[in-house]
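So the structure is just underneath, and the comments pick up after that.
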Amino acid sequence: MYPDHTPPVPAQRVVEVHHPTPLPPAVPVQPGTVPAVASIVLSDGRVVTGYAVNPAQPEPVAVKPAVSRTAVNVALGGVGFLAVCGGLILLTSFIAALTAFITQLIILAAVIFGGWIAVQIFSASGHQGGGTTVNIGKATFKRNHFHG
2 MYPDHTPPVP
12 AQRVVEVHHP
22 TPLPPAVPVQ
32 PGTVPAVASI
42 VLSDGRVVTG
52 YAVNPAQPEP
62 VAVKPAVSRT
72 AVNVALGGVG
82 FLAVCGGLIL
92 LTSFIAALTA
102 FITQLIILAA
112 VIFGGWIAVQ
122 IFSASGHQGG
132 GTTVNIGKAT
142 FKRNHFHG
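Numbers given in my numbering equal positions in the sequence shown, counted from 1, plus 1.
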């Protein structure tokens with residue numbers, strides 16, 4: 002507080018008004034975009050001069066979809082994976098069936114060819130009496146029978 006307990010009397014103040022000179026902007030600005038200079042008189046008599054600035058507008062918030070894109074991508078990936086798995090199962094079944102068919106054809110060919118060879122070996126078309134003839138000297142052995 003004050004030594005004599007009396008508040009001081011406000012003195013008359015001289016108000017100085019300064020009109021600022023706008024500086025040229027560092028980045029070229031379209032004409033008409035520089036705001037006008039405004040002055041405000043405060044309650045105690047002071048004058049504040051400056052540029053009128055519009056309040057900053059917040060960025061609009063993007064509306065998020067009800068279902069996230071990640072969830073949709075995961076779901077679509079699962080559907081695609083199931084489709085591929087079904088196709089792979091069918092492909093595997095087809096390959097197994099084709100392998101079994103080729104194996105049966107090979108076995109059938111072996112049986113037919115083996116039978117043909119057996120018929121050729123065991124047929125008696127070249128010999129009348131059948132059997133193997135071995136000539137040793139003047140003796141002839143025909144199927145373990147001696148013909149002199």
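Every residue, glycine too, gets a C-beta built ideally from N, C-alpha and C.
Residues near residue 49 in its chain [Cβ-Cβ closer than 6 Å; skip 5 each side]: Stepping through the sequence shown from its first residue, residue 49 is reached at position 48. Answer for residue 49: 41, listed in chain order.
Own chain residues within Cβ distance below 6 Å of residue 56, not counting five before or after: On the sequence shown, position 55 is the one that residue 56 refers to. Around residue 56: no qualifying Cβ.
Distance between beta carbons of residue 63 and residue 51, contact taken as under 8 Å: Numbered from its first residue, the sequence shown carries residue 51 at position 50. Numbered from its first residue, the sequence shown carries residue 63 at position 62. About 34 Å separates the two Cβ atoms, so there is no contact after all.
For residue 39, the residue or residues it bridges with in DSSP: Your numbering for residue 39 matches position 38 in the sequence shown. Looking at the DSSP output, residue 39 sits in a beta bridge with 51.
Segment limits, alpha helix (DSSP H) that includes residue 105: Within the sequence shown, residue 105 is the residue found at index 104, counting from 1. From DSSP, the alpha helix (DSSP H) with residue 105 extends over 70 to 123.
Spatial distance of residue 90 from residue 83 (CA atoms): In the sequence shown, the residue the question calls residue 90 occupies position 89. In the sequence shown, the residue the question calls residue 83 occupies position 82. Each residue's CA atom was taken as its position, placing residue 90 and residue 83 some 10 Å apart.
Through-space distance from residue 86 to residue 118, alpha-carbon basis: Position 117 of the sequence shown, counted from the first residue, corresponds to residue 118. Position 85 of the sequence shown, counted from the first residue, corresponds to residue 86. Here the C-alpha atom of residue 118 lies approximately 48 Å from the C-alpha atom of residue 86.
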